[in-house]
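Some notes on the structure that comes next.
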Amino acid sequence: MRPLIAIDWGTSSLRGARLGDAGQVLDSREFPRGILTVPPGQFEAVLHELFGDWLQAPDALCLISGMAGSRQGWQEAPYCPCPAGFAELAQHLLWLQPARIALVPGLSCTTSDTPHTPDVMRGEEVQIFGALQRAGRDSATLVLPGTHSKWVQVQAGRVRRFQTFMTGEVFALMGQHSILGKTMDLAGPFDEAAFVQGLHQAPQPGGVLHHLFSVRTLGLFDRLSAAAQPSYLSGLLIGEELRHQDLKTNADPVILIGNHTLTQRYTLALQQLNIASQSHGAEATWAGLFALAASFLSP
Numbered sequence: 010m011r012p013l014i015a016i017d018w019g020t021s022s023l024r025g026a027r028l029g030d031a032g033q034v035l036d037s038r039e040f041p042r043g044i045l046t047v048p049p050g051q052f053e054a055v056l057h058e059l060f061g062d063w064l065q066a067p068d069a070l071c072l073i074s075g076m077a078g079s080r081q082g083w084q085e086a087p088y089c090p091c092p093a094g095f096a097e098l099a100q101h102l103l104w105l106q107p108a109r110i111a112l113v114p115g116l117s118c119t120t121s122d123t124p125h126t127p128d129v130m131r132g133e134e135v136q137i138f139g140a141l142q143r144a145g146r147d148s149a150t151l152v153l154p155g156t157h158s159k160w161v162q163v164q165a166g167r168v169r170r171f172q173t174f175m176t177g178e179v180f181a182l183m184g185q186h187s188i189l190g191k192t193m194d195l196a197g198p199f200d201e202a203a204f205v206q207g208l209h210q211a212p213q214p215g216g217v218l219h220h221l222f223s224v225r226t227l228g229l230f231d232r233l234s235a236a237a238q239p240s241y242l243s244g245l246l247i248g249e250e251l252r253h254q255d256l257k258t259n260a261d262p263v264i265l266i267g268n269h270t271l272t273q274r275y276t277l278a279l280q281q282l283n284i285a286s287q288s289h290g291a292e293a294t295w296a297g298l299f300a301l302a303a304s305f306l307s308p
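If you read the sequence shown in this note's numbering, its first letter stands for residue 10, the second for the next number, and so on.
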């Protein structure tokens, strides 16, 4: 393997890792230099300012995933359509410097149920493949919680389909910009009982638009404290995600990818359905970029 510089360039942050021959992290750096902080035409300058010493290695390869490849980023890397695995991603790399610096494309997906409404991801694709590599699996249901949560189906090493749910964004909007936030204590600790109560409420008749108002009414009638209401709301929204999934109790564990706070909630939610899960953190990004590089550099 050539020396690999793995870059995850998101909307609000920029992370990089220098990887060894076996994919181990030799050094890592993180900066608050997401794409929104970079003036047009300055992406290359920022990359060299923060990682220039790593790039000096004459045979170094730099792969950049995330929003740097978006329309608002360095240069738009067209989405790679699903089904897609390493081979398809490698074919769709956008080379900024031939054989040296490339943007990893995101993925796009349509299904028979939604042929005219494509879904997209950018950055999560390398996390998916990295988590699968670490788990020693080539097929799985994966969940990437966050502002826009992703539910992904991978079969034989290829992403077949995925769905995005605006769970984290709706939670933030409801808590900060709606009437529900007037009675919430958003700084309160996580309340497991309230969270589970929200999970069980989500599949009940009425739908999510009706159930959201119960956050307010349960507070008005002193059935849910201000500190417990955010956990109940979180349970409602994650329960809405689960309501749309076809999960089997005897299947292989669902793979969760994200920070501990979020994956802990999804682990608890899946436990309510007797669904096993396993969690992976930020290391999935580096594992995915290393595996992608190995897929087209290996002899």
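Virtual Cβ for every residue (Gly too), placed ideally from N, Cα, C.
Identify whether ARG225 lies in helix, strand or coil by the three-state DSSP scheme. helix
Taking LEU102 as part of the beta strand (DSSP E), name the residues at either end of that continuous run. That residue, LEU102, is in no beta strand (DSSP E); it is neither H nor E in DSSP.
The segment 57-73 touching the segment 291-305, judged by at least three CB pairs closer than 8 angstroms: Verdict: yes, contact present.
Nearest by alpha-carbon distance to ARG170: which of VAL161, GLU178 and THR176 is it? VAL161
Helix, strand or coil at LYS159 according to DSSP, with G and I counted as helix: Residue state, collapsed to three classes: strand.
Measuring only the C-alpha atoms, how far is PRO214 from GLY248? If you take the alpha carbons of PRO214 and GLY248, they lie about 13 angstroms apart.
Is the beta carbon of HIS157 less than 9 angstroms from the beta carbon of PHE174? yes
GLU97 versus ARG24: straight-line alpha-carbon distance, rounded: 24 angstroms
Judging by CA-CA distance, which residue of ALA203, VAL163, SER223 and GLY155 is the nearest neighbour of ILE188? For ILE188, the nearest C-alpha among the options comes from SER223.
What separation, rounded to the nearest whole angstrom, lies between the Cα atoms of ILE16 and SER234? 43 angstroms
Where SER74 sits in the DSSP three-state scheme: strand
Ranges of the alpha helix (DSSP H) found wholly within the segment 208-290, counting only runs of at least 4: 217-229, 238-252 and 269-281
Which same chain residues, not among the five before or five after ARG146, have their C-beta less than 6 angstroms away from its C-beta? Correct list: empty, nothing qualifies.
Between which two residues does the alpha helix (DSSP H) holding GLN185 run? The continuous alpha helix (DSSP H) containing GLN185 extends over residues 176-186.
Neighbourhood of ARG167 by C-beta distance below 7 angstroms, restricted to the same chain and skipping five residues each side: Same-chain partners within the cutoff: PRO92, ALA93 and GLY94.
Can you tell me whether ARG42 is buried or exposed, with buried defined as 16 or more other CB within 10 angstroms of its CB? By the 16-neighbour rule on beta-carbons within 10 angstroms, ARG42 is buried.
Separation of PRO198 from GLN164, as counted between CA atoms: 38 angstroms
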